[in-house]
Every structure is written in C-alpha cells, then in structure tokens.
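Asker: Provided herewith is a single structure, encoded as structure tokens, for subsequent inquiry.
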Amino acid sequence: MYAPPVDLSFNEISSVTDALSKVPRRGRRPLKTDSQGKYLSRSLRLDNNHITEVSNLQCVLSHFLVQPSSIGWLDLSFNKITSISAVLSELHELHVLYLHGNQIANLADVNKLGRLMNLHTITLHGNPIEYMEDYRNRVVFTLPHLKRMDFSAVTPQDHFLANVFGRRLKRKNT
Numbered sequence: 028m029y030a031p032p033v034d035l036s037f038n039e040i041s042s043v044t045d046a047l048s049k050v051p052r053r054g055r056r057p058l059k060t061d062s063q064g065k066y067l068s069r070s071l072r073l074d075n076n077h078i079t080e081v082s083n084l085q086c087v088l089s090h091f092l093v094q095p096s097s098i099g100w101l102d103l104s105f106n107k108i109t110s111i112s113a114v115l116s117e118l119h120e121l122h123v124l125y126l127h128g129n130q131i132a133n134l135a136d137v138n139k140l141g142r143l144m145n146l147h148t149i150t151l152h153g154n155p156i157e158y159m160e161d162y163r164n165r166v167v168f169t170l171p172h173l174k175r176m177d178f179s180a181v182t183p184q185d186h187f188l189a190n191v192f193g194r195r196l197k198r199k200n201t
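Structure follows, in structure tokens:
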C-alpha cells in the first residue's frame, strides 16, 4: 500500500479537526480510495498551516486513511505547534515525523516519542529546542533507533556521544 500522501498542506488549517472539511490536493499520482472514500495511503501532510496542537489527530487519521493505525509518515512542519502531544506516541508504525519550523520549546517533550520503535527519521530544527544545550545528544539518546535527524544522518559517533550524555545525565540525577 505505497501511495502518495494525503496532502492537506497550505490550507489555512488552525486545528487538526479543521482538516476534516478539506479535500486533499491532487498530486501527479492520483490518490486511490476504498469503497468508503478513504485513502489507501500511509502518509499525511498537514504542513504549512496554523495548527497549534494535535490532540484530535486520531480522528483526522480515521477520517482520511483506510488504516489509520498504520500511518508511517507524518508531516506537521511549519505550523504553530508548541508541544509534542502524547497522541503521537500512539502511532506505533510511524517511521518519519517532520516537526521542524514549529514552536516546540520543551526538550523533555521528545521523551513522549520514546515508545516509537520504528521511528527512524525526525526533524525538529527551527523550534526553540534546537538552541538548547545538548539538543542533538538528548534527542538521539531518547530515540536510539534514529537514522536521520534534521535531514542529516545520525552517525555511530552521534550514538556514542548520546550514550555518553545519557550516562552523564543519569549520574547527575542520582
């Protein structure tokens, strides 16, 4: 079921539930639907809107996708999201998550994604957390399965430094 993403980008959406009244834009490859009009896709684009939080994301996924629990790629970049919602940690098949260009200010929010064992690509640059001390080390330590972060490879050295950071953090907290 590899299909183009359901594209709801650039729609002036303020809350994820506003997406329910939108029609996905057409791309080069047509979106295929089932008999109920749901899309045979594992990808959703909600980028470049005005979304501030995503607590009702499951409702939107169920509305548009045949298999909402199988979403593998989610683009929430360039919105106004201020924190990482726990609802994202329920997307166990998620491989790629774009959150760059938002207003996420609490680096500890990344911990909410720690249960996503399939997550191998994340973007968080362009958020206030990018300027916090040990930003990359903390994210790689929290999400050890990452292969790409902020559009660059997560190297063995990144994993090593993240583990050193993690040991230092544990010592500091004991």
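In the numbering used here, each number is its position in the sequence shown, counted from 1, plus 27.
Glycine included, every Cβ here is placed at the ideal spot set by N, Cα and C.
Remember, it's a predicted structure, so these values are computed and weren't measured experimentally.
How many Å lie between residue 28 and residue 59 at the Cα?
Answerer: Reliability of the predicted coordinates at residue 28 is poor, the pLDDT of 46 falling under 50, and the value obtained from them is presented with this limitation in mind. Approximately 10 Å between the Cα atoms of the pair.
Asker: Please tell me whether residue 92 and residue 121 are closer than 8 Å, where the distance is taken between their beta carbons.
Answerer: Their beta carbons are not under 8 Å apart, which means residue 92 does not touch residue 121 by this criterion.
Asker: Should residue 183 be labelled buried (16 or more other beta-carbon atoms within 10 Å of its own) or exposed?
Answerer: Its Cβ having fewer than 16 others within 10 Å, residue 183 is exposed.
Asker: Should residue 51 be labelled buried (16 or more other beta-carbon atoms within 10 Å of its own) or exposed?
Answerer: That one is buried.
Asker: Can you give me the start and stop residues for the beta strand (DSSP E) that residue 124 sits inside?
Answerer: From DSSP, the beta strand (DSSP E) with residue 124 extends over 123 to 125.
Asker: Do residue 146 and residue 103 have their C-beta atoms closer together than 8 Å?
Answerer: No, they are not a contact pair.
Asker: Inspect the beta-carbon positions of residue 137 and residue 111 and report whether they are closer than 8 Å.
Answerer: For residue 137 and residue 111, yes; Cβs fall inside 8 Å.
Asker: First and last residue of the beta strand (DSSP E) that includes residue 102?
Answerer: That run of the beta strand (DSSP E) goes 100 to 102.
Asker: Taking the C-alpha atoms as reference points, what is the distance between residue 71 and residue 172?
Answerer: Distance between the alpha carbons of residue 71 and residue 172: 22 Å.
Asker: How big is the Cα-Cα spacing for residue 90 and residue 38?
Answerer: Answer to the nearest angstrom: the Cα atoms are 17 Å apart.
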